[in-house]
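A.B. asks:
In this note's numbering, the protein residues as written are 40 to 307.
#1: What does DSSP give as the partner residue(s) for residue 167 in the beta ladder?
#2: Would you report the Cα separation of residue 249 and residue 233, rounded to the nearest angstrom?
#3: What is the DSSP secondary structure of residue 288, reduced to helix, strand or coil?
#4: For the 8 Å Cβ check, are there 3 or more pairs between the segment 120-133 and the segment 145-155?
#5: What do you get for residue 159, buried or exposed, if any count of 16 or more other CB atoms within 10 angstroms of its CB means buried?
#6: Flag this pair as touching only if the segment 70-77 and the segment 93-110 have three or more C-beta atom pairs under 8 Å; answer yes or no.
#7: By the DSSP assignment, the alpha helix (DSSP H) with residue 237 in it spans what residues?
#8: Kindly indicate which residue of 90, 108, 280 and 78 has the alpha-carbon position closest to the one of residue 223.
#9: Pick from 287, 45, 288 and 137: whose alpha carbon is nearest that of residue 196?
#10: Just the Cα atoms here: how many angstroms apart are residue 206 and residue 166?
#11: Apart from the five residues just before and just after residue 57, which ones in its own chain have a Cβ nearer than 8 Å to its Cβ?
#12: For residue 220, which residues of its own chain have a beta-carbon under 6 Å away from its beta-carbon, when the five flanking residues on both sides are left out?
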């Protein structure tokens with residue numbers, strides 16, 4: 040049996056309606072259950088080395104191998120920006136993109152709160168792609184901050200359209216704090232985008248010369264990083280090249296080959 044972990048208790052709290060005062064204890068119970076179930080496995084994997092370290096921190100004593108989820112590098116590539124913006128009916132202005140669930144652990148309120156602080160004459164827009172329980176809250180927040188006209192909610196976008204979608208952006212933002220890899224960030228990188236992400240969980244694994252990390256909750260730092268990227272075409276270009284190089288190490292064919300090797304080794 041091969042088991043791979045993509046779970047964190049933070050992904051569960053909102054859906055299970057667990058009060059904040061009980062979340063620490065609920066998380067302990069979740070990790071205890073994880074150990075009980077995964078103890079049956081002959082080999083355990085998780086998407087990143089940082090995610091493997093998390094399991095060790097939670098008391099897991101056996102070896103954990105990091106195997107990337109991988110992405111299809113033939114599908115996700117840089118594409119013409121102007122055409123992509125027309126395709127999704129977006130204004131031709133500096134664009135910050137997020138793709139994922141609109142849920143609590145993604146902390147998208149920080150991205151909206153940062154928008155009024157993106158300075159130096161940058162008339163930026165935030166484009167949020169995905170569905171979730173926090174959309175109405177985020178819409179009200181944007182209206183209250185006076186940026187409702189600069190925050191676009193595209194809702195669900197079919198998988199077939201995702202390769203074109205990433206090209207609408209100048210920078211990809213991932214403020215989530217419960218990412219064990221973040222496929223959306225990898226897809227954005229393969230599309231040649233710079234990245235600004237929370238310095239949390241496994242996201243530092245994906246950010247080096249291709250973008251910036253910010254302290255979760257520090258909206259001013261997030262805004263400074265977004266301003267730096269959006270005001271420099273040269274910086275965006277160099278970060279985009281770095282993103283492409285880093286994404287190339289996550290080819291899904293390589294991940295599939297490694298899992299086949301694991302199965303073969305265990306079967307032998």
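Cβ atoms here follow ideal geometry from the backbone N, Cα and C, with glycine treated the same way.
C.D. replies: On the basis of the data shown:
#1: Answer is 137 and 192.
#2: Residue 233 has its alpha-carbon roughly 5 Å from the corresponding atom of residue 249.
#3: Reduced to three states, the DSSP call for residue 288 is helix.
#4: Below 8 Å, too few C-beta pairs join the segment 120-133 and the segment 145-155 to call them touching: fewer than three.
#5: Looking at its Cβ environment, which holds fewer than 16 other Cβ atoms inside 10 Å, residue 159 is exposed.
#6: When C-beta atoms of the segment 70-77 are compared with those of the segment 93-110, three or more pairs fall below 8 Å, so the two segments count as touching.
#7: Annotation for residue 237: no alpha helix (DSSP H) segment contains it, though the beta strand (DSSP E) segment containing it runs 233-237.
#8: Taking only the C-alpha atoms, the option nearest residue 223 is 108.
#9: For the options 287, 45, 288 and 137, the alpha carbon positioned closest to that of residue 196 is the one of 137.
#10: Residue 206 and residue 166: Cα-Cα distance of roughly 12 Å.
#11: Once the five neighbours on either side are set aside, the close Cβ partners of residue 57 are 51 and 65.
#12: Once the five neighbours on either side are set aside, the close Cβ partners of residue 220 are 86, 87, 108 and 241.
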